[in-house]
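See below for the structure under consideration.
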């Protein structure tokens with residue numbers, strides 16, 4: 013797929029991987045809309061990158077409807093949706109409340125479904141959706157139960173959405189990545205001993221930068237999105253092997 017002049021929404025793009033994706037897609041000539049609940053950071057990022065910004069809580073269907081209407085008014089239709097927005101709670105299992113679990117699921121899984129369901133209505137044949145996963149959608153770990161469960165749910169949602177949206181000529185894929193230096197991971201990336209422990213679990217000892225993940229996103233969109241659907245592309249340095 014050619015990115016030039018394509019209209020793209022990247023959710024959760026005020027910072028981190030989403031910001032890197034927005035920047036690279038904009039550099040490739042796309043019209044990028046940053047959809048983020050953090051209005052201050054989102055507007056600052058959008059202004060710096062030359063992107064559009066629309067305040068959006070993806071767990072709020074009314075926000076998504078407003079975003080859809082904005083896209084129709086300003087751009088006519090949507091070509092690419094990158095579902096990147098997510099939140100993560102870290103607690104011991106017995107301290108993890110039902111509310112904690114629901115908060116993460118509402119944004120990550122329900123929000124991804126809602127974004128697909130709402131925005132696919134303004135996507136034409138040849139459009140594509142890319143969902144952001146994590147290696148932990150299939151590899152268990154401790155203390156991040158809702159985040160990991162939500163990513164497992166998004167993996168299945170990717171396949172099921174791919175089935176139904178094929179009828180509209182829309183492809184749906186996902187990218188699963190491993191350890192990345194993002195604000196969400198500052199609890200370990202800022203500590204040398206924790207960083208070393210993370211690398212020991214990765215055969216290639218690779219901890220990615222947001223810009224590297226953005227490069228993989230661009231590759232999937234440009235090289236594979238027209239023929240692949242329901243696929244999970246894994247870029248994790250071999251983390252899933254241990």
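Numbering (this note's numbering), first residue to last: 13 to 254. Ideal Cβ positions, reconstructed from N, Cα and C, are used throughout, including at glycine.
Give the DSSP-derived three-state secondary structure of residue i in the structure shown.
{"i": "residue 27", "result": "coil"}
{"i": "residue 141", "result": "strand"}
{"i": "residue 170", "result": "helix"}
{"i": "residue 229", "result": "helix"}
{"i": "residue 13", "result": "coil"}
{"i": "residue 43", "result": "strand"}
{"i": "residue 49", "result": "coil"}
{"i": "residue 187", "result": "strand"}
{"i": "residue 241", "result": "coil"}
{"i": "residue 213", "result": "coil"}
{"i": "residue 246", "result": "strand"}
{"i": "residue 163", "result": "helix"}
{"i": "residue 147", "result": "helix"}
{"i": "residue 234", "result": "helix"}
{"i": "residue 38", "result": "helix"}
To which residues of the same chain is residue i closer than 7 Å at the C-beta, ignoring the five residues directly before and after it?
{"i": "residue 50", "result": "26"}
{"i": "residue 82", "result": "66"}
{"i": "residue 104", "result": "155"}
Ordered along the chain, which non-local residues of its own chain (more than five positions away) have a Cβ less than 8 Å from that of residue i?
{"i": "residue 217", "result": "211, 249"}
{"i": "residue 126", "result": "70, 71, 73, 76"}
{"i": "residue 175", "result": "242"}
Within this structure, are the beta carbons of residue i and residue j separated by less than 8 Å?
{"i": "residue 191", "j": "residue 251", "result": "yes"}
{"i": "residue 116", "j": "residue 162", "result": "yes"}
{"i": "residue 139", "j": "residue 77", "result": "no"}
{"i": "residue 130", "j": "residue 80", "result": "yes"}
{"i": "residue 173", "j": "residue 128", "result": "yes"}
{"i": "residue 237", "j": "residue 13", "result": "yes"}
{"i": "residue 184", "j": "residue 134", "result": "no"}
{"i": "residue 96", "j": "residue 22", "result": "yes"}
{"i": "residue 241", "j": "residue 222", "result": "no"}
{"i": "residue 226", "j": "residue 33", "result": "yes"}
{"i": "residue 164", "j": "residue 179", "result": "no"}
{"i": "residue 147", "j": "residue 189", "result": "yes"}
{"i": "residue 16", "j": "residue 89", "result": "no"}
{"i": "residue 44", "j": "residue 229", "result": "no"}
{"i": "residue 256", "j": "residue 254", "result": "Nothing can be reported for residue 256: it is not among the residues displayed for the chain, which extend from 13 to 254."}
{"i": "residue 145", "j": "residue 244", "result": "yes"}
Which same chain residues, not among the five before or five after residue i, have their C-beta less than 6 Å away from its C-beta?
{"i": "residue 102", "result": "155, 156"}
{"i": "residue 31", "result": "25, 57"}
{"i": "residue 113", "result": "158"}
{"i": "residue 119", "result": "71, 99"}
{"i": "residue 54", "result": "26, 46, 48, 65"}
{"i": "residue 19", "result": "43, 87, 90, 91"}
Q. If you scan the region 53-129 from start to end, which runs of the beta strand (DSSP E) of 3 or more residues do you find wholly inside it?
A. DSSP assignment within the region 53-129 yields the following whole beta strand (DSSP E) runs of 3 residues or more, N-terminal first: 64-67, 90-95.
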